[in-house]
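In order, the protein sequence lines correspond to chains A and B. For the first sequence, the UniProt record's numbering gives the first residue as 1, with consecutive numbering after it. For the second sequence, the UniProt record's numbering gives the first residue as 1, with consecutive numbering after it. The beta-carbon is built from N, C-alpha and C at its ideal position, and this holds for glycine as well. Accompanying notes for the structure given below.
Protein chains: 2
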Amino acid sequence: MSLVADPGVRRARAWLSRAFEPGSVDVWRFVERTGPVAAVQSLLRGSAPAEVQALAGRRAGADLSEEDLHRADRCGGRLVVPEDDEWPAVALHCLTLTAHDLPTVRREQPDRTAALVPPVALWVRGDRPLDELVDRSVALVGSRASTAYGEHVAAELAHGLGQQGWTTVSGGAFGIDAAAHRGSLSAGAATVAVLACGIDRAYPSAHSTLFTRVLDDGLLVSEWPPGCAPLQHRFLVRNRLIAALTRGTVVVEAAARSGAQATANRARDLGKSVMVVPGPVTSAMSVGCHELLRARDADRHAVLVTSAAQVLQEVGRLGEDLATPAERPGSPRDSLSDIARRVLDACPVRIGVPPERLAAVAGCEVVDVLRVLPVLELHDLVEWTGTGWRVRREPPAGRLAP
Amino acid sequence: MSLVADPGVRRARAWLSRAFEPGSVDVWRFVERTGPVAAVQSLLRGSAPAEVQALAGRRAGADLSEEDLHRADRCGGRLVVPEDDEWPAVALHCLTLTAHDLPTVRREQPDRTAALVPPVALWVRGDRPLDELVDRSVALVGSRASTAYGEHVAAELAHGLGQQGWTTVSGGAFGIDAAAHRGSLSAGAATVAVLACGIDRAYPSAHSTLFTRVLDDGLLVSEWPPGCAPLQHRFLVRNRLIAALTRGTVVVEAAARSGAQATANRARDLGKSVMVVPGPVTSAMSVGCHELLRARDADRHAVLVTSAAQVLQEVGRLGEDLATPAERPGSPRDSLSDIARRVLDACPVRIGVPPERLAAVAGCEVVDVLRVLPVLELHDLVEWTGTGWRVRREPPAGRLAP
């Protein structure tokens, strides 16, 4: 039987998720220290530490937690809290580590959109358990203004990952996000869309059908309670969750200084793999990708990937999921000695010539020519015309100029 | 006055360049030890070390050196030898270092096509001094079966390098080689084509017009005497020269296991910069490029480049030629505090709302809202309707969803 949190704890975390914009290390530390129920009680009394009380502001006055839980329930959703077995504790552990390292003085703390702090709870819509779905998952992120190339590659990667039983995690936006979900769905695999609005909202509305398909076998996830609007700053805060929930982040197309680059940097800061798909250098939508690949900060740098197999090589467990390097069919030439190659190149195409002539052209002794001719003949590379040696008229495949 | 080698030395090196296929460390060491004139004398007498005598084979019987020098002269060429001032000693010093490190036992030596050994002499056609032209030069190499994308990028890079006074060095093949020469010529810059045949031969013959244009302000260079055929193994031997003569090698398009990859590996082994232009992962002609970028051997790895400025950043002298990172025009949002961004996102588009409402939506105190509203108004991001605050109808450029 799986562990399910106390209803009071769940309601307290629902209250906290509405009272505070996520990403505040002060709020997270306060809740960690006092526990969610006591934290809510002191906030309602107005007796919480001043900096935390101020962050809730007017929102501390109202209690919509019961209503929010009902709204989630009505759309087939639920609130998953750290006290649940379903909480993706392994994946999110990285955020706990980074949050502990953040400065205690407010002025020295990073901007809330960049602070690597765990969520107080996650609103989840869909039937599958969150922790199972993200255990073997990869984030696929990129531009909304993607090109046909980027969408093709995103769909191919997600499809390939899905075929190997890996979950694709992305946002819910147009472009790369949507292509990634579609590619994964086409492989019959689960996908997770991490939203910057309530799980009961379809944003953008053109994606309501896509979200319905995601829900068939996957999840919609959000830090914000039902009904919340996709405000701009929320996307930036949300990006750290996409990076944290997965084993690694793949950037497919990104303009210069884009949100996808920000997600990649979060993944790097969380110690997760950062993978980047290159593109034409003539495409503005690959500029951000190429900047990531050019950045050489210390030993942690982004890895270029071109296939799902290469993605799995980065994030897969040791011994499984190994990519084979790109190959070209071998040529019989490859196995030849230097002298044999020179003699072969010295052979004319039409008229056969004697070994003495081959030795002069190849720059070696006649005895060497006589030594290598049988090898060349064995490989069907040369033939005896009756009067001399020449290149075989129909050489096997692979015999091309270098 | 520049130093010009003794006619006897030049003739001896002309003889050596016909007697031996380049790339043999034994031959190079023998010539280094005894000097070119004495080396030729002992080879003609048959008294050279057995391994060297055997490499010359039948070729040691004839002396075409005078004829070769005449043939070069007739096509406007010359033989440049290490004893000349024009010899690119600085660039080729790397080959001297690697040749010294090669094993003395023949069996342990690398294949001649891979051995990093200096040339005994260079046949050069064109008016400009070789050492001057290659002092600030970059190799641009890639596939013969290039795509329109690859040719466009090769021409753009060569053009950009040419505009900054840099010489492009390449082979004479179809595809990327030709596009690189054309791009450089279009900038009125010098190019150097390093051939795998005699400098009096146009190979491929369709490039005879291109080579004529190269000769207007650049050079054709070869290790092989006039009349020599472009035998297949010679291209592989030639590749080390392209890598050695330049400050760095840029691979534009390369199939898996291609000659361009081999040139890049030579450049790496010689301690020169290796730069790679990425391309669509869907293109077979970029597979070799992406493999180079994925290879992570020790700390020496290929650098992704997308522009001539980035190439110059790698090979240029310190303080000159610095590339600026890709940029996006800054948005007024970027400079806002967290609270200001939240208040801005809380502002409705049409109807103005009072600060109390903004505080509730943004999740902060009313006093914070009143503090940041003047900043937002100053940035033309919000406006007062007479009854409340709303987003300014025509926001300045850069205000886009993340």
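{"Check": "By alpha-carbon positions, which one of D63(A), A12(A) and R58(A) ends up nearest to A39(A)?", "Outcome": "A12(A)"}
{"Check": "Of all the residues that make up the region 148-170 of chain A, which are near chain B by a beta-carbon distance shorter than 8 Å?", "Outcome": "Y149, H152 and V153"}
{"Check": "Just list the alpha helix (DSSP H) runs in the region 48-78 of chain B, keeping only unbroken ones of 4 residues or longer that don't cross its boundaries, in chain order.", "Outcome": "50-56 and 65-74"}
{"Check": "Is S17(A) close to chain B? Criterion is C-beta to C-beta, closer than 7 Å.", "Outcome": "no"}
{"Check": "Reducing DSSP to helix, strand and coil, say where L140(A) ends up.", "Outcome": "strand"}
{"Check": "In angstroms with no decimal places, state the Cα-to-Cα distance between L381(B) and R392(B).", "Outcome": "5 Å"}
{"Check": "Contact criterion: CB-CB distance below 7 Å. Does V338(B) meet it with respect to chain A?", "Outcome": "Just to set this straight, residue 338(B) is Asp in the shown sequence, not Val. D338(B) counts as touching chain A."}
{"Check": "Would you check if the distance between the CB atom of V141(A) and the CB atom of A302(A) is smaller than 7 Å?", "Outcome": "no"}
{"Check": "Taking the DSSP output, what are the residues bridged to T249(B)?", "Outcome": "A139(B) and V274(B)"}
{"Check": "Could you check how far apart the C-beta atoms of V52(A) and F30(A) are, in whole angstroms? I think they sit under 8 Å.", "Outcome": "5 Å"}
{"Check": "Give me the Cα-Cα distance between G77(B) and S17(B), rounded to the nearest whole angstrom.", "Outcome": "15 Å"}
{"Check": "So that I know if they touch, is there some Cβ in chain B lying closer than 7 Å to that of Q313(A)?", "Outcome": "no"}
{"Check": "For chain B, is any of its Cβ atoms less than 7 Å away from the one on Q376(A)?", "Outcome": "For clarity, residue 376(A) is Leu in the given sequence; the question names Gln instead. Judged by the 7 Å Cβ criterion, L376(A) is not in contact with chain B."}
{"Check": "Is the beta carbon of A91(B) less than 7 Å from the beta carbon of V138(B)?", "Outcome": "no"}
{"Check": "Could you give the uninterrupted runs of the alpha helix (DSSP H) lying entirely in the region 99-161 of chain A, keeping only those of 4 residues or more?", "Outcome": "130-135"}
{"Check": "What residue does the beta strand (DSSP E) around V221(B) start on, and which one ends it?", "Outcome": "L219 to S222"}
{"Check": "Run through the DSSP bridge pairs and tell me what S170(B) is partnered with.", "Outcome": "A193(B)"}
{"Check": "Rounded to whole angstroms, what is the Cα-Cα separation between A346(A) and V277(B)?", "Outcome": "36 Å"}
{"Check": "What is the rounded straight-line gap between the Cα of E383(B) and the Cα of G23(A)?", "Outcome": "28 Å"}
{"Check": "For V192(B) and R342(B), what's the separation of their Cα atoms in angstroms?", "Outcome": "59 Å"}
{"Check": "Within 8 Å, do at least three Cβ pairs link the region 182-199 of chain B to the region 226-234 of chain B?", "Outcome": "yes"}
{"Check": "Mind the definition here: the region 277-297 of chain B touches the region 276-296 of chain A only if three or more C-beta pairs lie below 8 Å; say whether that holds.", "Outcome": "yes"}
{"Check": "Measuring alpha carbon to alpha carbon, tell me which residue in V169(A), L122(A), A158(A) and A173(A) is nearest A145(A).", "Outcome": "A173(A)"}
{"Check": "Take the Cβ of I176(A) as the centre, count every other Cβ of all protein chains shown within 10 Å, and call the residue buried at 16 or more, exposed below.", "Outcome": "buried"}
{"Check": "Between the region 211-224 of chain A and the region 120-131 of chain A, do at least 3 Cβ pairs fall closer than 8 Å?", "Outcome": "yes"}
{"Check": "For V382(A), list the residues DSSP reports as bridge partners.", "Outcome": "V391(A)"}
{"Check": "Please state if the CB of A256(A) and the CB of T249(A) are separated by a distance shorter than 7 Å.", "Outcome": "no"}
{"Check": "When you compare only the Cα positions, how much space is there between V169(B) and A340(A)?", "Outcome": "30 Å"}
{"Check": "Return yes when the Cβ of V251(B) is within less than 7 Å of the Cβ of T113(B), no when it is not.", "Outcome": "no"}
{"Check": "Compare the beta carbon distance of T96(B) and P118(B) with 7 Å and say whether it is the shorter of the two.", "Outcome": "yes"}
{"Check": "Taking C-alpha atoms, which residue in S337(A), D368(A) and G388(A) lies nearest to V349(A)?", "Outcome": "G388(A)"}
{"Check": "Hey, is H379(A)'s beta-carbon within less than 7 Å of any beta-carbon in chain B?", "Outcome": "no"}
{"Check": "Tell me whether S273(B) is buried or exposed, calling it buried when 16 or more other Cβ atoms sit within 10 Å of its Cβ.", "Outcome": "buried"}
{"Check": "Specify the secondary structure class of V80(A) as computed by DSSP and reduced to three states.", "Outcome": "strand"}
{"Check": "Taking all protein chains shown into account, do 16 or more other C-beta atoms lie within 10 angstroms of the C-beta of E108(B), making it buried, or fewer, making it exposed?", "Outcome": "exposed"}
{"Check": "Which class does L336(B) belong to by DSSP, given the choice of helix, strand or coil?", "Outcome": "coil"}
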